[in-house]
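K.L.:
Have a look at this one before I ask anything.
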Amino acid sequence: MNNLSYSEEHQIGLTVRGATKVYPGTLALNEADFDVRLGAVNVLVGENGAGKSTLMKVIAGVEQLTSGEIALDGKRVRFADTRAAAAHGIGIVFQELNLFPNMTVADNIFIAREKTRGGVDIDSRSQRAEAASLMKRLEHDILPDALVGELSIGEQQIVEIAKALAQDARILIMDEPTSALSAAEVEILFRVIKDLKKSGVGIIYISHRLEELIRIGDYITVLRDGCITGSRSMKGVEVSWIVRNMIGAASKDFSKSLTHQLGAEVFRAEDICLPSKNGGLVVDRVSMSLRSGEIVGIYGLMGAGRSEFFECIMAQHLVCTGKFYVDGKPLDETSVAGRIERGIALIPEDRKGAGLVQILPIRENMSLSSLMKFTRRGHLSIKKECTAVADMVRDLFIKVASVENPVSSLSGGNQQKVVIGKALMTNPKLLLMDEPSRGIDIGAKAEVFQEMRKLAADGLGILFVTSDLEEVMSLSDRILVMSKGRVIKEFTQQEATEEQIIAASAVGHTTTSQKTPENRELQI
Amino acid sequence: MTSIASAGTASGNSNQTWLLLLLKLRTFIALIVVFAFFAFAAPNFLSAANFVIMSKHVALNAFLAIGMTFVIITGGIDLSVGSIVGLCGMVAGWLILNGVDIGIGYTLYFNIFEIFAITLLVGVLFGAINGALITKLNVAPFIATLGTLYVARGLALLSSDGATFPNLVGNPEYGSNGLSVLGSGNFMGIPVSIWILIAVGCGAAYIAGRTPLGRHIYAVGGNEHAAALSGVKVNRVKMFVYMFSGFCAAIVGLVISSQLVAAHPATGETFELNAIAAAVLGGTSMSGGRGRIAGTIIGAFVIGILSDGLVMMGVSSFWQTVIKGLVIIAAVVVDQAQQRLQAKVALQQQAALSTQEG
Chain Z
14 MNNLSYSEEH
24 QIGLTVRGAT
34 KVYPGTLALN
44 EADFDVRLGA
54 VNVLVGENGA
64 GKSTLMKVIA
74 GVEQLTSGEI
84 ALDGKRVRFA
94 DTRAAAAHGI
104 GIVFQELNLF
114 PNMTVADNIF
124 IAREKTRGGV
134 DIDSRSQRAE
144 AASLMKRLEH
154 DILPDALVGE
164 LSIGEQQIVE
174 IAKALAQDAR
184 ILIMDEPTSA
194 LSAAEVEILF
204 RVIKDLKKSG
214 VGIIYISHRL
224 EELIRIGDYI
234 TVLRDGCITG
244 SRSMKGVEVS
254 WIVRNMIGAA
264 SKDFSKSLTH
274 QLGAEVFRAE
284 DICLPSKNGG
294 LVVDRVSMSL
304 RSGEIVGIYG
314 LMGAGRSEFF
324 ECIMAQHLVC
334 TGKFYVDGKP
344 LDETSVAGRI
354 ERGIALIPED
364 RKGAGLVQIL
374 PIRENMSLSS
384 LMKFTRRGHL
394 SIKKECTAVA
404 DMVRDLFIKV
414 ASVENPVSSL
424 SGGNQQKVVI
434 GKALMTNPKL
444 LLMDEPSRGI
454 DIGAKAEVFQ
464 EMRKLAADGL
474 GILFVTSDLE
484 EVMSLSDRIL
494 VMSKGRVIKE
504 FTQQEATEEQ
514 IIAASAVGHT
524 TTSQKTPENR
534 ELQI
Chain F
29 MTSIASAGTA
39 SGNSNQTWLL
49 LLLKLRTFIA
59 LIVVFAFFAF
69 AAPNFLSAAN
79 FVIMSKHVAL
89 NAFLAIGMTF
99 VIITGGIDLS
109 VGSIVGLCGM
119 VAGWLILNGV
129 DIGIGYTLYF
139 NIFEIFAITL
149 LVGVLFGAIN
159 GALITKLNVA
169 PFIATLGTLY
179 VARGLALLSS
189 DGATFPNLVG
199 NPEYGSNGLS
209 VLGSGNFMGI
219 PVSIWILIAV
229 GCGAAYIAGR
239 TPLGRHIYAV
249 GGNEHAAALS
259 GVKVNRVKMF
269 VYMFSGFCAA
279 IVGLVISSQL
289 VAAHPATGET
299 FELNAIAAAV
309 LGGTSMSGGR
319 GRIAGTIIGA
329 FVIGILSDGL
339 VMMGVSSFWQ
349 TVIKGLVIIA
359 AVVVDQAQQR
369 LQAKVALQQQ
379 AALSTQEG
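Quick note, the sequences are listed as chains Z and F, same order. Position in the first sequence (first residue = 1) + 13 = the numbering used here. Position in the second sequence (first residue = 1) + 28 = the numbering used here.
Written as structure tokens, this is what we have:
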């Protein structure tokens, strides 16, 4: 992918020297040096909390350095805010989506930089036209007038990227742009990146997906605990080298399998259908079964209906038809509480919005689904609750200073473990995990995967959704590939190959995208 | 982490812990300050008689504020409580004076306990209407309760054509005498209304801290979606908080008509604002998820003592209003400072943990 012949010819556009950033209680960056070469992809990698995001925030003007300097084209600069950085041609695609769900795609792309006539009147037509052309460039047919809140997370990510592109940035920071994208969308993004490189844009690319980095990157810089531990051209870089620099030890192998016997069928779905808003079916006659101790991975592109299938299992859709069985008995409960009682637990994709109550303490988050366990005649025993939570914190190796701190003080990986702990405290038989590794670092990821294997070995049935091919291949006993709401194919771990999975996930997709957001009012 | 950074935080830590404790106890400190100030500045402030009068005033607001606290913790608001106070007073007055005409030439009179029960039921019913509008019909809490504010006030005025039900001594023949016990009775030297406040306050604090329902109230206010996915019955929780708020308002309606031995349809106007003020002063967050019953009760005492004390000092009631407003704003400003500091301390603890292990 990367053309190595010109790798040393790239001109350095931005240099960071001796960057130190002190937050109260932490040294986020320690004397870090970093170069951004124009017309190339500058990869930045490191575990969560290594200081990547801090470094990016400094470059984008969100934060200021405690000491050290930034130079742009050899001239020393200091960005007071993002606006100043943007004026110097620095754009950023944030990891956390910074979009307004109540506004349209076009409004979002031009927020705070509205195209106006005479500084007052917004020129919606040209905004819409430009938004449409950006979407075309990104090979998506998201309508400029669609509300962002109605888009899926993957589509929102595309809008976020379009927003950065619209600013004609010379240096573009992408903080985990692919975390919500499926393989096909990643391909599109990579094409766009190559395009941008050709036009001389320097790209800073952050991701936890190492294979992806090696493919797309021209230069790589590894951060650990705020220090640069390695920086070189991508030529000849291997995953083991990156991992060694990232975690300071040999690679953690999360694909190691504990072999154990599968038990009886614990869950079965028959003919599950969920109608979509625009007619048609989001989930189309899905049938599947799961045995205890089995891990089944569901792979598919964005909009394949995977998350919606989970939502059906968790009683989130009233209009869903078909039958579920737990332990051979029909699952007739219509409330979430009832389904939890029957042994189903969901770990949602959107940790912040659906998984946790951010302002509540870690303890209260963890016990939220299982309070009745600690309650006798209406009285909640805080003592029993504390013991159970402490046990779970220990079992899952969650790093917490105190379980009374708000859950928002934890890192992404530890937050995810709190969500897992919450699910496990309900003593589930079936664990539904929607993108369990989204936005967590490689160390935490390995721990989460190990935990999944251990739980399966203890007899839990696990059904998980992922857009990461490597993940689905290495974790699953069985793989289901979904496309356009249907289960296209089923593989056992032995027979699955990456090519077959990708081919199956693309069934039913033509060159034009499948989604047509509602825009009936517009056509009138 | 470098030694400089860790040394800096170590010395900063104990200071921060103290400051945080100080900020957490701010409402309590404010109470002591206000109390001490008036003890010096206002004549007769420290007399027992004054305490009884003041606590009766505070109790009225405290009841409403307790109900309001639950509602606000779920992320809602209940503007209708003042009107429910008025309406419930009128219901009690009507039942004592007129009874219920059952249409065949007979009039049904209730004894005083039945009257209490019916009045409380009316309050709960109005709360249930609020709750149903909000959960079943998806009306925003502000609008739903604004609507019932007008409806309840209008019904109260209609019940007597705007007149007062006077002289509610009741009729011993029907057992409807004894209303005045609530408002002016004493038990062990403490007014009955204060005993009821203690009971309701303890009950509410118990629900908040020691029952699954209480935990669910906080969860719904913190993140409704996550709460629903965790199996919390969000609609039931919301129904409960509005019904409980209506219940508290009905108690206040009964207590006031008992104190006056009369029921006036305009009773309770703007009470909802005082209740919100007390809750906010006590640390309840208007964005939901945070608040304590004890804080709210202390908040009600600060507001009550402040206004009674200023009256005793002879300060103009116009100035009292200004001062009350300033106190509320100051409370929220301090609350924000506390939140920031608390988040900072939590992050520091977490960071210290990772440096220890890394």
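We treat Cβ as the ideally placed atom computed from N, Cα and C, and that holds for glycine. Quick caveat, the model's predicted, so the values are computed rather than measured.
Starting from K211/Z, follow the alpha helix (DSSP H) in both directions and report where the run begins and ends.
P.N.:
Numbered from 1 along the first sequence, position 198 holds the residue referred to as residue 211/Z. Looking at the DSSP string, the run of the alpha helix (DSSP H) that includes K211/Z is A196 to K211.
K.L.:
So, for L334/F: in the same chain, excluding its five sequence neighbours on each side, which residues have a beta-carbon less than 6 Å away from its beta-carbon?
P.N.:
Counting from 1 along the second sequence, the entry for residue 334/F is found at position 306. Only V62 meet the Cβ criterion.
K.L.:
For R237/Z, count neighbouring Cβ atoms within 10 angstroms of its own Cβ and tell me buried if that reaches 16, exposed if not.
P.N.:
Numbered from 1 along the first sequence, position 224 holds the residue referred to as residue 237/Z. Result: buried.
K.L.:
Return the residue from the list L488/Z, S137/Z, S348/Z and I83/Z that minimises the CA-CA distance to L468/Z.
P.N.:
Locating residue 468/Z in the first sequence gives position 455, where the first residue counts as 1. That would be L488/Z, whose Cα lies nearest to the Cα of L468/Z.
K.L.:
Can you have a look at E417/Z and say buried or exposed, based on whether 16 or more other CB atoms are within 10 angstroms of its CB?
P.N.:
Taking the first sequence and counting its residues from 1, the one referred to as residue 417/Z is at position 404. So E417/Z ends up on the exposed side.
K.L.:
Please list the residues of the segment 235-249 of chain F that have a C-beta atom closer than 7 Å to any C-beta atom in chain Z, keeping them in chain order.
P.N.:
Cβ contacts with chain Z come from R238, T239, P240, R243, Y246 and A247.
K.L.:
Start and end of the beta strand (DSSP E) containing I233/Z?
P.N.:
Locating residue 233/Z in the first sequence gives position 220, where the first residue counts as 1. Run containing I233/Z: Y232 to R237, per the beta strand (DSSP E) assignment.
K.L.:
If I measure Cβ to Cβ from G249/Z and keep anything under 7 Å in the same chain, skipping five residues before and after, which residues do I get?
P.N.:
Locating residue 249/Z in the first sequence gives position 236, counting from the first residue. Nothing listed; no residue qualifies.
K.L.:
Which of the three DSSP states is assigned to D345/Z in this structure?
P.N.:
Start at 1 with the first residue of the first sequence, and residue 345/Z comes out as number 332. Three-state result, D345/Z: coil.
K.L.:
What residues in the segment 369-390 of chain Z have a beta carbon less than 9 Å from any beta carbon of chain F?
P.N.:
Correct list: L369, V370, Q371, I372, L373, E377, N378, S380, L381, S382, S383, L384, M385, F387 and T388.
K.L.:
In chain order, what residues of the segment 416-429 of chain Z put their CB closer than 7 Å to some CB of chain F?
P.N.:
So the close ones are N418, P419, S422 and L423.
K.L.:
Give the interface partners of H392/Z over in chain F, defined as CB-CB distance under 9 Å, in chain order.
P.N.:
Position 379 of the first sequence holds residue 392/Z. By Cβ distance, chain F contributes Y234, R238 and T239.
K.L.:
Could you tell me whether any Cβ in chain Z is nearer than 8 Å to the Cβ of S42/F?
P.N.:
One-based indexing of the second sequence puts residue 42/F at position 14. No, because no Cβ of chain Z sits closer than 8 Å to the Cβ of S42/F.
K.L.:
Is P71/F buried or exposed, if buried means 16 or more other CB atoms sit within 10 Å of its CB?
P.N.:
Taking the first residue of the second sequence as 1, we reach residue 71/F at position 43. P71/F should be labelled exposed.
K.L.:
Alpha helix (DSSP H) containing D336/F: first to last residue?
P.N.:
As a position in the second sequence, residue 336/F is number 308, starting the count at 1. First-last of the alpha helix (DSSP H) with D336/F: I321 to M341.
K.L.:
Give the secondary structure of M187/Z by DSSP, where H, G and I count as helix, E and B as strand, and everything else as coil.
P.N.:
Residue 187/Z sits at position 174 when you count from the first residue of the first sequence. If DSSP states are grouped into helix, strand and coil, M187/Z belongs with the strands.
K.L.:
If you measure beta-carbon to beta-carbon, which residues of the segment 351-370 of chain Z are closer than 7 Å to chain F?
P.N.:
If the cut-off is 7 Å between Cβ atoms, the segment 351-370 of chain Z has I353, L359, P361, G366, A367, G368, L369 and V370 near chain F.
K.L.:
Establish whether the CB of V269/F and some CB of chain Z are separated by less than 8 Å.
P.N.:
What you label residue 269/F is simply residue 241 of the second sequence in a count that begins at 1. Taking Cβ atoms only, chain Z never reaches closer than 8 Å to V269/F, which makes this a no.
K.L.:
Rounded to the nearest angstrom, what separates L153/F and M271/F at their Cα positions?
P.N.:
Position 125 of the second sequence, counted from the first residue, corresponds to residue 153/F. Position 243 of the second sequence, counted from the first residue, corresponds to residue 271/F. About 7 Å.
K.L.:
Does any C-beta atom of chain F lie closer than 8 Å to the C-beta of K435/Z?
P.N.:
What you label residue 435/Z is simply residue 422 of the first sequence in a count that begins at 1. At least one chain F Cβ lies under 8 Å of K435/Z.
K.L.:
Buried or exposed: which applies to A64/F, given that a residue is buried once 16 or more other Cβ atoms fall within 10 Å of its Cβ?
P.N.:
Position 36 of the second sequence, counted from the start, is the residue given in the question as residue 64/F. Exposed.
K.L.:
Our contact map puts D454/Z next to E60/Z with C-beta atoms below 8 Å; I'd like the distance itself, whole angstroms only.
P.N.:
Here residue 454/Z is taken as the residue at index 441 of the first sequence, counted from 1. Here residue 60/Z is taken as the residue at index 47 of the first sequence, counted from 1. Confirmed, about 4 Å.
K.L.:
So that I know if they touch, is there some Cβ in chain F lying closer than 8 Å to that of A517/Z?
P.N.:
As a position in the first sequence, residue 517/Z is number 504, starting the count at 1. So no, A517/Z is outside the interface.
K.L.:
Under 8 Å, with one C-beta from each stretch per pair, do the segment 252-271 of chain F and the segment 321-337 of chain F reach the 3-pair mark?
P.N.:
Not touching, per the Cβ criterion.
K.L.:
Among the residues of its own chain, which have a CB less than 7 Å from the CB of D94/Z, if the five just before and after it don't count?
P.N.:
For the purposes of this step, residue 94/Z is taken as residue 81 along the first sequence, with counting starting at 1. Result list for D94/Z: G74, in chain order.
K.L.:
What does the alpha-carbon distance come out to for the pair V373/F and G276/Z?
P.N.:
Within the second sequence, residue 373/F is the residue found at index 345, counting from 1. Within the first sequence, residue 276/Z is the residue found at index 263, counting from 1. Going from the Cα of V373/F to the Cα of G276/Z covers about 47 Å.
K.L.:
Taking only three categories from DSSP, how would you classify R238/F?
P.N.:
For the purposes of this step, residue 238/F is taken as the residue at position 210 of the second sequence. Helix at R238/F.
K.L.:
When we look at the beta-carbon of A457/Z and count the other beta-carbons within 10 Å, is it buried (16 or more) or exposed?
P.N.:
Within the first sequence, residue 457/Z is the residue found at index 444, counting from 1. When all chains shown are included, A457/Z counts as buried.
K.L.:
Once you ignore the five residues that flank L115/F on each side, which residues in its own chain have a CB closer than 6 Å to its CB?
P.N.:
As a first step, residue 115/F is located in the second sequence; it is residue number 87 there, counting from the start. The answer, listed in chain order, is A180, L183 and A184.
K.L.:
By the three-class DSSP mapping on this structure, what secondary structure does A99/Z have?
P.N.:
Sequence index remark: in the first sequence, residue 99/Z carries index 86 (1-based). Three-state DSSP puts A99/Z in a helix.
K.L.:
Could you name the residues of chain F that V349/Z contacts, counting a contact when the two beta carbons are closer than 7 Å?
P.N.:
By 1-based counting over the first sequence, the position of residue 349/Z is 336. Chain F residues near V349/Z: A256, L257 and G259.
K.L.:
Using a Cβ-Cβ distance cut-off of 8 Å, determine whether Q378/F contacts chain Z.
P.N.:
Position 350 of the second sequence holds residue 378/F. Chain Z, which has a Cβ nearer than 8 Å to the Cβ of Q378/F, makes this yes.
K.L.:
From which residue to which residue does the beta strand (DSSP E) around I501/Z run?
P.N.:
In the first sequence, the residue the question calls residue 501/Z occupies position 488. Counting along the chain, the beta strand (DSSP E) containing I501/Z begins and ends at R499 to T505.
K.L.:
Please list, in chain order, the chain Z residues whose beta carbon lies closer than 7 Å to that of H85/F.
P.N.:
Within the second sequence, the letter at position 57 stands for residue 85/F. Those within 7 Å of H85/F in chain Z number zero; the least Cβ separation is about 33 Å.
K.L.:
Out of M446/Z, L178/Z and R141/Z, which one is the CA nearest neighbour of E464/Z?
P.N.:
The residue given as residue 464/Z occupies position 451 in the first sequence. E464/Z has its Cα closest to that of M446/Z, out of M446/Z, L178/Z and R141/Z.
K.L.:
Return yes when the Cβ of V360/F is within less than 8 Å of the Cβ of P219/F, no when it is not.
P.N.:
As a first step, residue 219/F is located in the second sequence; it is residue number 191 there, counting from the start. As a first step, residue 360/F is located in the second sequence; it is residue number 332 there, counting from the start. It is not a contact, given that the beta carbons lie outside the stated cut-off.
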